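Novice:
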Amino acid sequence: MELKPGLSALVTGGASGIGKALCLALAEKGIFVTVVDFSEERGKEVAALVEKENAKFHSMLKFPSAMFIKCDVTNTSELSALFKKHLATYGGLDICINSAGIATPVIFYKDQTDGSRSWRHTINVNLTAVIDCTRLAIQTMQAAQKPGVIINMGSASGLYPMYGDPIYSASKGGVVLFTRSLVPYKRQGIRINVLCPEFVETELASKVDSKLIGLMGGYVSMEMVVRGAFELIRDENKAGSCLWITKRRGMEYWPTPMEEAKYLLPSSKLRSRSSFVAPLNIQIPQSFEKIVVHTLSHNFRSATSVVRTPLRLPIKPDHVLVKIIYAGVNASDVNFSSGSYFSGNKKDLGSLLPFDAGFEAVGIIAAVGDSVKNLKVGNPAALMTFGSYAEFTMVPSKHILPVPRPDAEVVAMLTSGLTASIALEKAAQMDSGKVVLVTAAAGGTGQFAVQLAKLAGNKVVATCGGKEKAMLLKDLGVDRVIDYRAEDIKTVLKKEFPKGVDIVYESVGGEMFDLCLNALAVHGRMVVIGMISQYQGEHGWKPLNYTGLCEKLLAKSQTVAGFFLVQYSHLWQPHLDKLFHLYSLGKLKVMHIVPARTLDLQELCLFDALQLSRCGIMAPTVLDICHLLGLSLIDVPQAKSKGTGVVTFSTVYATPALTLATTKSAPAASPLPRVIRAALKKSASQRDYPQRVQALNLLQEQAATTKEKKVLA
Numbered sequence: 283m284e285l286k287p288g289l290s291a292l293v294t295g296g297a298s299g300i301g302k303a304l305c306l307a308l309a310e311k312g313i314f315v316t317v318v319d320f321s322e323e324r325g326k327e328v329a330a331l332v333e334k335e336n337a338k339f340h341s342m343l344k345f346p347s348a349m350f351i352k353c354d355v356t357n358t359s360e361l362s363a364l365f366k367k368h369l370a371t372y373g374g375l376d377i378c379i380n381s382a383g384i385a386t387p388v389i390f391y392k393d394q395t396d397g398s399r400s401w402r403h404t405i406n407v408n409l410t411a412v413i414d415c416t417r418l419a420i421q422t423m424q425a426a427q428k429p430g431v432i433i434n435m436g437s438a439s440g441l442y443p444m445y446g447d448p449i450y451s452a453s454k455g456g457v458v459l460f461t462r463s464l465v466p467y468k469r470q471g472i473r474i475n476v477l478c479p480e481f482v483e484t485e486l487a488s489k490v491d492s493k494l495i496g497l498m499g500g501y502v503s504m505e506m507v508v509r510g511a512f513e514l515i516r517d518e519n520k521a522g523s524c525l526w527i528t529k530r531r532g533m534e535y536w537p538t539p540m541e542e543a544k545y546l547l548p549s550s551k552l553r554s555r556s557s558f559v560a561p562l563n564i565q566i567p568q569s570f571e572k573i574v575v576h577t578l579s580h581n582f583r584s585a586t587s588v589v590r591t592p593l594r595l596p597i598k599p600d601h602v603l604v605k606i607i608y609a610g611v612n613a614s615d616v617n618f619s620s621g622s623y624f625s626g627n628k629k630d631l632g633s634l635l636p637f638d639a640g641f642e643a644v645g646i647i648a649a650v651g652d653s654v655k656n657l658k659v660g661n662p663a664a665l666m667t668f669g670s671y672a673e674f675t676m677v678p679s680k681h682i683l684p685v686p687r688p689d690a691e692v693v694a695m696l697t698s699g700l701t702a703s704i705a706l707e708k709a710a711q712m713d714s715g716k717v718v719l720v721t722a723a724a725g726g727t728g729q730f731a732v733q734l735a736k737l738a739g740n741k742v743v744a745t746c747g748g749k750e751k752a753m754l755l756k757d758l759g760v761d762r763v764i765d766y767r768a769e770d771i772k773t774v775l776k777k778e779f780p781k782g783v784d785i786v787y788e789s790v791g792g793e794m795f796d797l798c799l800n801a802l803a804v805h806g807r808m809v810v811i812g813m814i815s816q817y818q819g820e821h822g823w824k825p826l827n828y829t830g831l832c833e834k835l836l837a838k839s840q841t842v843a844g845f846f847l848v849q850y851s852h853l854w855q856p857h858l859d860k861l862f863h864l865y866s867l868g869k870l871k872v873m874h875i876v877p878a879r880t881l882d883l884q885e886l887c888l889f890d891a892l893q894l895s896r897c898g899i900m901a902p903t904v905l906d907i908c909h910l911l912g913l914s915l916i917d918v919p920q921a922k923s924k925g926t927g928v929v930t931f932s933t934v935y936a937t938p939a940l941t942l943a944t945t946k947s948a949p950a951a952s953p954l955p956r957v958i959r960a961a962l963k964k965s966a967s968q969r970d971y972p973q974r975v976q977a978l979n980l981l982q983e984q985a986a987t988t989k990e991k992k993v994l995a
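For the sequence shown, the working numbering begins at 283 and goes up steadily by one.
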C-alpha cells in the first residue's frame, strides 16, 4: 500500500512511545489519524501535533484531520464505538496499528493475588484487546470494501523468553502467533502483520535494567521501528509476517524459511490443493524427436543433432512416460556434451555415445507402467534425468518429482534453485546474522542464492557486471551490489568488510576464487558450485592450480566445500517443495517471461549452449517447440560478458503440450501462453484524493444537518 495523503489510520496506544511515533510518522505522509489512548491529556497533545502536520497537505476540510478518542482497550463496547466513529468521520479504515501495551505491575513469581489487577490485566491489554481491535478493524475494512493493513505490536519477548516478566512474554507470544495465523485474510485484500522490536527507549522500557539493555547492544532506534512498520504497510507481499528488529542484527523476518520448513505440511498435502487441471487428450505418438549427443565435444553445435526415435511400448512396469513442456539449458549441458562429468578416459566414454541431451524438464505424465501406484496420467512432474530435449521421455517413476503446476518457473527451480537451496543449507551450513557473498549473482543460481540468503536473515553482498544486473539484484533485496565494471571488487570488500565475509557462494572460479578466499573471514565457509570462467576456453574445462590453498585455510580455520547437485538427489523433492512454496507466497521471485520471435528448430543444434550461458541473461528465455518442427526464442535484454561472466538463468524450452490446455491444436509457431500470473487479485481501487476529500466534506455536512452519522460506502 502506498502511503499517501487522504488515507486514514487508527492507532491504539497513540499517546506515547511507539504509538506516538507512528502517529506522527503517518501525519508526515498526510494521513488522517485517530489517536486512541487512556491518557486524555497526552492523547490530545498528539492529535494536535498530527493536525498541525496534516495542515501542510490539507486545507478547507470540514472534518478533523486527526482526532483523539479516550478508550479503555479492554472495554469491548468502547472499542466498538471508536471504530464506528472513525468510519463515520473518514469513510473507511486503511491502516490500523494496535500498539497499546503494558508491563506486568507485579512480578509473577511474587504475585499472591488472583491476578485481576496484575497478570490478568496484562493479558487483557496486551493480547485480548489486540484480538478485539483486529476483529473490529477487519469488520470495518470489509464494510468499506477496500484493502487495508493491520499491524499488531508484538515484541522480541514474544519470540524468545523474557524471564523477568513471563506474563508479558506470554501475551506478546500470543500476539505473534495470532497475527501469523491470519494470512488467509490476504485473499480479501486485508494484510495483517506483527512488529517485534527489542527494547526501544520508551517509558515502558525505562523500567528495564540498563545492564540488560547494554548486553543486547543498546536500544533499538525509534526510526528503525517506524521504518519497519512502513515496510509492512508498503510491501503487498507481507501478510502474516513477523518482523523482528534488534540493535545487533537490524531487521529480520521470523521465522526463516528454513525454520518454516520444519513444520510445514507434507508436500503431498500441498500438492493436493493444486489448481492445475491436466488436459485429457494427450496423444501418444508412435515416434518423437529428440536431441542427442553423438560426439564428445565442448562445442555444443557440433556435438549434437536432432533424431527421430520410435516410442517403445508397452511402458516398463516401473516407468512413466512424460510429455515435456519445458526444458532448461545450463552451462552444465556443455560439460555433459564434452564428457567432463563422466569418469574414465575419452576412449571409454566414447562407448556411451550417442546419449540423450538435456537433464532438467517439467511436463505432464502421459502414461504409467502397471506397477506405478503413486503417480497418475495428467499429474504435473519435474525431472532431472537425461533426455529432456525431447517431445517425450521415459523414466523410472522414482526419478519423478511431483510439482503443483507444470510452469516455466519450476524449471528455474531445478538446477538453479536446488543448487542454491541445498548448497547453502548443507555445504555452507547457513544460518542467520552472517555476511554472505554471492558471485555472478545475476545469473540463474545466483538469483536464488541472494534471495534465500536474505530470507534467512543475512546481510547479502553480490557481484555482477552491468547496471541492469545491479538494478535487478537490488530489486531482489541485495544489501550491497558490487558492479565489477564500475568498482574493484577486492577494494570494496577490503574497505567495507575488513573482518571478511562469513559465507561465499562461488561459481566463477579462476581469479574470482582467489579473491573470494582472501576475503573470507576466520571460520568462514566457501562453497564452490561451479567455475564458469574455466568452462570458456577453446578446449573446454581447464583445471587450475591454487597455490597455497591449504596454508590459507589452516591459518584462519576456514572451509572450502565443493558442491555437485547430483550427489544430493535425496534432498531434491523437499527443497523443490520449499522453493515452490516460497514462490507461491510471493517471497521468492522468478524472473518474468517476455514475447517471442521465431527460430527454426534445425538451428537448435547450432545453438551454442556455452555461449548462451555467458550471455548474462537476466530473465528466463522461453521457447515454444511445436512438435520440434520450429520454436520461438524470447527476446530478452542481454549483456554479453567475455570475462568472468555469470551463470545463465535457466533458459527454457517449451513443447506444445502446454497449449493443450488452451488451444485445440498446436500451430507451427503458437503464441507463448501466459505463465506469469498476478500473486494477488487487485482489490477495489481507492478514490483519488480530491474526490475522497470532497465526499468526506459532503458526509460531514449531511451529518450536521440530519444529526445522523452515515457511513460512506
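We put the CB at the ideal spot given by N, CA and C, even for glycine.
These numbers were taken from a predicted model, which means no experiment stands behind them.
For the region 694–767, list the beta strand (DSSP E) runs that are entirely contained and at least 3 residues long, ordered along the chain.
Specialist: Counting only runs of 3 or more, we get 717–720, 741–746 and 762–765.
Novice: Suppose you measure from the CA of N612 to the CA of G725; what does that come to, to the nearest Å?
Specialist: 11 Å
Novice: The beta strand (DSSP E) with M533 in it runs from where to where?
Specialist: G532 to Y535
Novice: Count the other C-beta atoms from every protein chain shown that fall within 10 angstroms of the C-beta of V848, then say buried if there are 16 or more, exposed otherwise.
Specialist: exposed
Novice: In this structure, does DSSP put V407 in helix, strand or coil?
Specialist: Looking at V407 - three-state DSSP - the assignment turns out to be helix.
Novice: Would you check if there are 3 or more beta carbon pairs closer than 8 Å linking the region 312–327 to the region 340–350?
Specialist: yes
Novice: Determine contact between the region 463–470 and the region 483–490, defined as no fewer than three beta-carbon pairs at a distance below 8 Å.
Specialist: The region 463–470 is not in contact with the region 483–490.
Novice: Below 6 Å CB to CB, which residues in the same chain sit around I449 once its five sequence neighbours on both sides are set aside?
Specialist: Hits under 6 Å: T386, F390, W401 and T404.
Novice: Grouping DSSP H, G and I as helix and E and B as strand, with all else coil, what is I389?
Specialist: coil
Novice: In the structure shown, what three-state DSSP assignment does E571 receive?
Specialist: strand
Novice: How many angstroms separate the CA atom of P429 from the CA atom of C378?
Specialist: Taking the straight line from one Cα to the other gives about 12 Å.
Novice: How is I785 classed by DSSP in three states: helix, strand or coil?
Specialist: strand
Novice: Once you ignore the five residues that flank K286 on each side, which residues in its own chain have a CB closer than 6 Å to its CB?
Specialist: Excluding residues within five positions, none has a Cβ falling inside 6 Å.
Novice: With three or more C-beta pairs closer than 8 Å as the rule, is the region 362–378 touching the region 409–428?
Specialist: These segments touch.
Novice: In angstroms, rounded to a whole number, what distance separates the CA positions of G301 and Y442?
Specialist: Near 23 Å, if we compare the C-alpha coordinates of Y442 and G301.
Novice: If you measure between the beta carbons of G522 and T461, is that distance less than 8 Å?
Specialist: yes
Novice: Check whether the Cβ atoms of F481 and V507 sit closer than 8 Å, and answer yes or no.
Specialist: no
Novice: Name the two residues that bound the continuous beta strand (DSSP E) containing H676.
Specialist: It should be pointed out that residue 676 corresponds to Met in this sequence rather than to His. That run of the beta strand (DSSP E) goes F674 to P678.
Novice: Pick out the complete beta strand (DSSP E) segments inside the region 331–382, 3 residues or longer, and give them in chain order.
Specialist: 348–352 and 377–380
Novice: Could you name the residues that DSSP lists as bridge partners for H601?
Specialist: Secondary-structure assignment with DSSP links H601 through a beta bridge to P678.
Novice: Taking the Cβ atom as the reference point for each residue, do D770 and G806 lie within a distance shorter than 8 Å?
Specialist: Not a contact, by the Cβ cut-off of 8 Å.
Novice: Mind checking P567: buried by the 16 CB within 10 Å criterion, or exposed?
Specialist: exposed
Novice: Measure the C-alpha to C-alpha separation of L737 and S584 and round it to an integer number of angstroms.
Specialist: 42 Å
Novice: Determine whether the beta carbon atoms of R473 and K520 lie at a separation below 8 Å.
Specialist: For R473 and K520, yes; Cβs fall inside 8 Å.
Novice: Please report the straight-line C-alpha distance between L755 and A731, rounded to a whole angstrom.
Specialist: 11 Å
Novice: Using a threshold of 8 Å, state whether the C-beta atoms of V407 and N434 are closer than that.
Specialist: no
Novice: CA-CA distance, F845 and L464?
Specialist: The alpha-carbon atoms of F845 and L464 are separated by roughly 39 Å.
Novice: Kindly indicate which residue of M808, A309, S815 and T773 has the alpha-carbon position closest to the one of G791.
Specialist: S815
Novice: Would Y445 be called buried (16 or more neighbouring beta carbons within 10 Å of its own) or exposed?
Specialist: exposed
Novice: One question on the structure: do P684 and F862 come within less than 8 Å of each other, judged by their Cβ atoms?
Specialist: no
Novice: Within 10 Å of its beta-carbon, does K777 have 16 or more other beta-carbons around it, so buried, or fewer, so exposed?
Specialist: exposed
Novice: Just to confirm before moving on: does the CB-CB distance between K598 and A648 stay below 8 Å?
Specialist: no
Novice: Which partner residues does I472 have in the DSSP bridge list?
Specialist: G430
Novice: Let me check one thing: in DSSP terms, what residues is V809 bridge-paired to?
Specialist: Y787 and A843
Novice: Can you name the start and end residues of the alpha helix (DSSP H) that D796 belongs to?
Specialist: E793 to N800
Novice: Consult DSSP for P448 and reduce its assignment to one of helix, strand or coil.
Specialist: helix
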